[in-house]
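Peer 1:
Protein chains in written order, with my numbering: chain R, 1 to 274; chain C, 1001 to 1264.
(1) Would you mind giving the Cβ-Cβ distance between residue 233 of chain R and residue 36 of chain R, rounded to the nearest angstrom? I have them listed as a contact below 8 angstroms.
(2) Please go through the same chain and pick out, in chain order, the residues whose beta-carbon is closer than 6 angstroms to the beta-carbon of residue 212 of chain R, but skip the five residues on each side of it.
(3) Quick check on residue 1066 of chain C: buried or exposed, where buried means 16 or more other Cβ atoms within 10 Å of its Cβ?
(4) Would you be able to state if there are at least three C-beta pairs under 8 angstroms between the region 220-239 of chain R and the region 196-203 of chain R?
(5) Quick one: which residues of the region 1152-1173 of chain C get their C-beta closer than 8 angstroms to a C-beta of chain R? List them in chain order.
(6) Which residues in the same chain as residue 1250 of chain C place their Cβ atom closer than 8 angstroms to its Cβ, once the five residues preceding and following it in sequence are excluded?
(7) Answer with yes or no whether the minimum CB distance from residue 1199 of chain C to chain R is below 8 angstroms.
(8) Use the C-beta contact count for residue 1175 of chain C: other C-beta atoms within 10 angstroms, 16 or more gives buried, fewer gives exposed.
(9) Using a C-beta to C-beta distance shorter than 7 angstroms, which residues of chain R count as neighbours of residue 1192 of chain C?
(10) Below 6 angstroms CB to CB, which residues in the same chain sit around residue 30 of chain R once its five sequence neighbours on both sides are set aside?
(11) Kindly indicate which residue of C/1226, C/1068, C/1045, C/1044 has the alpha-carbon position closest to the one of residue 13 of chain R.
(12) Suppose contacts are defined by Cβ-Cβ distances below 8 angstroms. Is residue 1110 of chain C in contact with residue 1037 of chain C by that definition?
(13) Under 7 angstroms Cβ to Cβ from residue 78 of chain R, same chain only, skipping five residues before and after it: list those, please.
(14) Where residue 85 of chain R and residue 73 of chain R are concerned, what is the direct C-alpha to C-alpha distance, given to the nearest angstrom?
(15) For chain R, check one thing: does any of its Cβ atoms lie closer than 8 angstroms to the Cβ of residue 1241 of chain C?
(16) Strictly by DSSP, which residues pair up with residue 16 of chain R?
(17) Listing by chain order, which chain C residues have their CB less than 8 angstroms from the CB of residue 86 of chain R?
(18) In chain C, which residues lie less than 8 angstroms from residue 51 of chain R when you measure between Cβ atoms?
(19) Three-state secondary structure (DSSP) at residue 24 of chain R?
(20) Does chain C have any CB closer than 8 angstroms to the CB of residue 101 of chain R?
(21) Give a yes or no on whether the minimum CB-CB distance between residue 191 of chain R and chain D is below 8 angstroms.
(22) Can you tell which of C/1200, C/1155, C/1134 has its C-alpha closest to the C-alpha of residue 1146 of chain C?
(23) Could you pull out every residue in the same chain whose Cβ sits closer than 7 angstroms to the Cβ of residue 1263 of chain C, ignoring the five residues on either side in sequence?
(24) Is it buried or exposed, residue 1092 of chain C, if we count other Cβ atoms within 10 angstroms and call 16 or more buried?
(25) Which one or two residues does DSSP pair with residue 65 of chain R in a beta bridge?
(26) Could you compute how far the alpha carbon of residue 255 of chain R sits from the alpha carbon of residue 34 of chain R?
(27) At a Cβ threshold of 8 angstroms, is residue 72 of chain R touching chain C?
(28) Pick helix, strand or coil for residue 1088 of chain C, following the three-state DSSP scheme.
(29) By how many angstroms is the C-alpha of residue 1213 of chain C removed from the C-alpha of residue 7 of chain R?
(30) Decide if residue 1023 of chain C is buried, meaning its Cβ has at least 16 other Cβ atoms within 10 Å, or exposed.
(31) Taking the beta carbon of residue 1001 of chain C as the centre, do at least 16 other beta carbons fall within 10 Å, making it buried, or is it exposed?
(32) Could you work out which residue in C/1017, C/1019, C/1031, C/1013 is closest to residue 1242 of chain C when comparing CA atoms only?
(33) Cβ closer than 9 angstroms: which chain R residues qualify as neighbours of residue 1189 of chain C?
(34) Keeping to the same chain, check which residues put their C-beta closer than 7 angstroms to that of residue 1106 of chain C; ignore five residues upstream and five downstream.
(35) Just to make sure I have the definition right: I need the residues of chain C whose C-beta is within less than 8 angstroms of the C-beta of residue 134 of chain R. Which are they?
(36) Residue range of the alpha helix (DSSP H) that residue 1158 of chain C falls in?
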């Protein structure tokens, strides 16, 4: 569980990135943090594994205050996958890349081997085990980065912009993957601009603007709230746009799911014919 | 530590008498300080050289950033001091001689003087002006461009280094842990991504530039031309007076050692 209690954060350059954030993320929740560039999304999630410490207020991860723990030991609970895989890949083979964190955390050789095989399999990377990560495509590198964090099986997973540079198929795999993690009771936090992806996943959405939370709730409600989204320069998901355009038909407006949309439209169409 | 050194090289556009000086004149000044710092091995003149930078810093209003770059250089300064004193100690037959301590302090101050003056230069000179200055001094455009690009990318790389460090810390890397050798090896996971992404970035930059017809015309013209103003001539005179004074003092004035009784 992550508890954020009224935190403020100021960068050395003087920018106040967070201005009084309070939130609670329970075990097993799936949360998407959204908002325009510079809203403080990444700054906020960097507090979850102690990379940043709040200037005021406090952050508790499983009841441990982040200021009283090292980044390394927090990271064991909170796995953090950065946006750009090129910011972390450095090993000669994919296998060694994944072993890096496991060695840092002091697992024994046997466990390391086992976890590498498991993580590679999970992200369908087994064929690249002995390949250099630098030879892989952008999407594959992103998966290696993800595998290198998943390998130690953290309880909470933070993904910064996981869909950037991924084709539709990869996004779908990622979505299913997140669902799978959830069935295992993992907490997943994603930071993203990808409205369509969030619409498909329908997680809890936390919307940030200028270092503050402006909306927090069900994806379905927030992603169809035209006023709130416009202020954060986020466009409605396409399905919600259709329903907004069809206002005169008096259909429900809070629809982002494609199947739900289909059923509502079918019903409405049938109604008209009668 | 390392990041704050880069902060001291970051240019911010401000209007001050120092910022408005011609970059060539400022460079001659820095060169003058550099030569002076090399000429002297004594504490007093080096200390004076250091104090001489302060009015410029205050005039430019960059004291905060300047101080930060000095603090960043502290570690290296300490390293210079310790190696000097160690080798002097061994060289003198395992004894501390006052003159040797004095020498070690002096070379350390010399290093700080160099950092201090270069920092003022970079803090108050925009990379664009620097490139212009090089170009108008007859340096081929390819070289001046490479130089300005390098300077411009220092802060970008520094920022990237921070992100990489964060990414690796999130994978359990503890930079400050272990023996001295281990700590050096700890930086491998930071340096490799940094170098790889710098190379990638430069290739991308080259492609972007070529697609915008870089180097299409042999003879380039500039929108802005550098011209010397009154202030620049004043600064030049100050610089030459300083250089003349340095040479005169070096040649004709004996500098008393502090260890004659003042300090030790």
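Glycine is no exception: its CB is placed at the ideal position from the N, C-alpha and C atoms.
Peer 2: In brief:
(1) The pair is a contact, with the Cβ atoms about 5 angstroms apart (cut-off 8 angstroms).
(2) Result list for residue 212 of chain R: 19, in chain order.
(3) That one is buried.
(4) Three or more Cβ pairs closer than 8 angstroms define a contact, and the region 196-203 of chain R meets that threshold against the region 220-239 of chain R.
(5) Shown in chain order are the members of the region 1152-1173 of chain C whose Cβ falls below 8 angstroms from a Cβ of chain R: 1160, 1163, 1164, 1166, 1167, 1168, 1169, 1170, 1171, 1172, 1173.
(6) For residue 1250 of chain C, where only same-chain residues beyond five positions count, the Cβ hits under 8 angstroms are 1039, 1040.
(7) Answer no: the Cβ-Cβ gap between residue 1199 of chain C and chain R never drops below 8 angstroms.
(8) With fewer than 16 Cβ atoms within 10 Å of its Cβ, residue 1175 of chain C is classed as exposed.
(9) Going along chain R in sequence order, the residues near residue 1192 of chain C (Cβ under 7 angstroms) are 90.
(10) Correct list, in chain order: 182, 188, 203.
(11) It is C/1068 whose Cα lies nearest to the Cα of residue 13 of chain R.
(12) Yes; because the gap between Cβ atoms is below 8 angstroms, this pair is in contact.
(13) Close CB contacts of residue 78 of chain R within its chain, under the 7 angstroms cut and outside five residues either way in sequence, are with 48, 49, 61, 154, 156, 158 (chain order).
(14) Spanning the two alpha carbons is a distance of roughly 22 angstroms.
(15) Output row for residue 1241 of chain C: interface = no.
(16) Its beta-bridge partners are R/10.
(17) What residue 86 of chain R touches in chain C, judged by beta-carbon distance under 8 angstroms, is 1193, 1196, 1197, 1200, going in chain order.
(18) Going along chain C in sequence order, the residues near residue 51 of chain R (Cβ under 8 angstroms) are 1166, 1169, 1170.
(19) Note: residue 24 of chain R maps to strand in three-state DSSP.
(20) At least one C-beta of chain C is nearer than 8 angstroms to the C-beta of residue 101 of chain R.
(21) Among the protein chains of the structure shown, namely R and C, there is no chain D.
(22) Sorting C/1200, C/1155, C/1134 by C-alpha distance to the C-alpha of residue 1146 of chain C places C/1134 at the top.
(23) Any reading at residue 1263 of chain C must be qualified, since the residue scores a pLDDT of 46, below 50, and its modelled position is unreliable; the value itself is stated next. Closer than 7 angstroms at the Cβ level, and outside the excluded window around residue 1263 of chain C, lies no residue.
(24) Exposed is the call here.
(25) R/60, per the DSSP bridge assignment.
(26) When rounded, the distance between both Cα atoms is 18 angstroms.
(27) Chain C, which has a Cβ nearer than 8 angstroms to the Cβ of residue 72 of chain R, makes this yes.
(28) For residue 1088 of chain C, the three-state secondary structure derived from DSSP is helix.
(29) Rounded to the nearest angstrom, the two C-alpha atoms are 49 angstroms apart.
(30) For residue 1023 of chain C, the number of other beta carbons within 10 angstroms of its own is at least 16, and it is reported as buried.
(31) The pLDDT assigned to residue 1001 of chain C is 40, lower than 50, so where the model puts this residue is not dependable; a value taken from the coordinates is nonetheless given after this. Residue environment: residue 1001 of chain C is assigned as exposed (fewer than 16 neighbouring CB atoms within 10 Å of its CB, all protein chains considered).
(32) If you compare the alpha carbons of C/1017, C/1019, C/1031, C/1013 with that of residue 1242 of chain C, the shortest gap goes to C/1031.
(33) The contacting residues are 88, 90, 91, 100.
(34) Excluding positions up to five away in sequence, the list reads 1041, 1042, 1043, 1046.
(35) What residue 134 of chain R touches in chain C: 1196.
(36) For residue 1158 of chain C, the enclosing alpha helix (DSSP H) covers residues 1141-1169.
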